[in-house]
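Student:
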Amino acid sequence: MFSLIFTRRFSMAHRLIADPAGKCAIPHGHNEQVIARLQPVAPQRLDGRANMVAPFEQAKARWHRFVDDRVDHAFQLGESDPMINWFRAHEPQRLGRLLVTPGDPTTEMLAACLMAKLNAFLAADGNDLRCVELTVEETPTNAVTLAGDPADVLPARAGAGWWRRADDSINDLDPVPVALSLAVARR
Ligand SMILES: [Zn+2]
Numbered sequence: 054m055f056s057l058i059f060t061r062r063f064s065m066a067h068r069l070i071a072d073p074a075g076k077c078a079i080p081h082g083h084n085e086q087v088i089a090r091l092q093p094v095a096p097q098r099l100d101g102r103a104n105m106v107a108p109f110e111q112a113k114a115r116w117h118r119f120v121d122d123r124v125d126h127a128f129q130l131g132e133s134d135p136m137i138n139w140f141r142a143h144e145p146q147r148l149g150r151l152l153v154t155p156g157d158p159t160t161e162m163l164a165a166c167l168m169a170k171l172n173a174f175l176a177a178d179g180n181d182l183r184c185v186e187l188t189v190e191e192t193p194t195n196a197v198t199l200a201g202d203p204a205d206v207l208p209a210r211a212g213a214g215w216w217r218r219a220d221d222s223i224n225d226l227d228p229v230p231v232a233l234s235l236a237v238a239r240r
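If you read the sequence shown in the numbering used here, its first letter stands for residue 54, the second for the next number, and so on.
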């Protein structure tokens, strides 16, 4: 079966607080790469004319826009990280730039959320392709690959979060009232 593979680079910051003594509890960043492998839901032979698996420019453009505009330079935090409340209190206009995950935003968690998001985009577009494998390269020598259904590996309590929605969201925080956001921005 054919696979279509897209790669995109992004920069990110996160911190991991489940082990408070770990050095990853200090916010820090990585330049990462996300590699998605897509396959047709119903594979067919090449038609002998156009000989393409599926038109994927639209799917790819949407995915890359999401990575560039939303994932790139987002700050990844676990849902119970007190830094979320810090932003709520002091810089609520930046809450939309927090990528929030159920538990620590590890590379494994990011891979599962991104794979679910890409599949939400593909399904919403009526696309015949699905992401069957997604790799996040945290560094040139460390990578996590997820194959299969991200719903099977996300924590049971995770439910339907932003990663299941075909929109630009990267968290499920309550939206900031516009008036408050402007007031803080003017300070
Ligand atoms: Zn890290």
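Here a beta-carbon is modelled for each residue, glycine too, at the ideal position from N, C-alpha and C.
Over the uninterrupted beta strand (DSSP E) stretch that includes T194, give me the two end residues.
Tutor: Unbroken run through T194: none, as it is neither H nor E.
Student: Any idea if E110 is buried or exposed, counting beta-carbon neighbours within 10 angstroms, 16 or more meaning buried?
Tutor: exposed
Student: Residues around ligand 1, please: the condition is that the C-beta lies closer than 6 Å to some non-hydrogen atom of it.
Tutor: H67, C77, H81 and H83
Student: Using the C-alpha atoms, what's the distance from A74 back to E191?
Tutor: 21 Å
Student: What is the rounded straight-line gap between the Cα of L207 and the Cα of M162?
Tutor: 7 Å
Student: So E161 is in the alpha helix (DSSP H); what residue range does that whole segment cover?
Tutor: T160 to A177
Student: Can you grab the Cα-Cα spacing for the pair T160 / L130, in whole Å?
Tutor: 12 Å
Student: Assuming R61 contacts C184 (C-beta within less than 8 Å), just tell me the rounded distance between them.
Tutor: Not a contact, Cβ separation roughly 13 Å.
Student: Around the C-beta of H143, are 16 or more other C-beta atoms found within 10 angstroms, so that it is buried, or is it exposed?
Tutor: exposed
Student: To the nearest angstrom, report how far apart V166 and P203 are at their CA atoms.
Tutor: Just to set this straight, residue 166 is Cys in the shown sequence, not Val. Taking the straight line joining both Cα atoms gives about 7 Å.
Student: Of the choices L187, G212 and R217, whose alpha-carbon is the least far from that of A200?
Tutor: The shortest C-alpha separation from A200 is found at L187.
Student: Does the stretch 97–110 come into contact with the stretch 147–154, if we say contact requires no fewer than three beta-carbon pairs (one atom in each stretch) closer than 8 Å?
Tutor: As far as the Cβ criterion goes, the stretch 97–110 does not touch the stretch 147–154, which means the pair count is below three.
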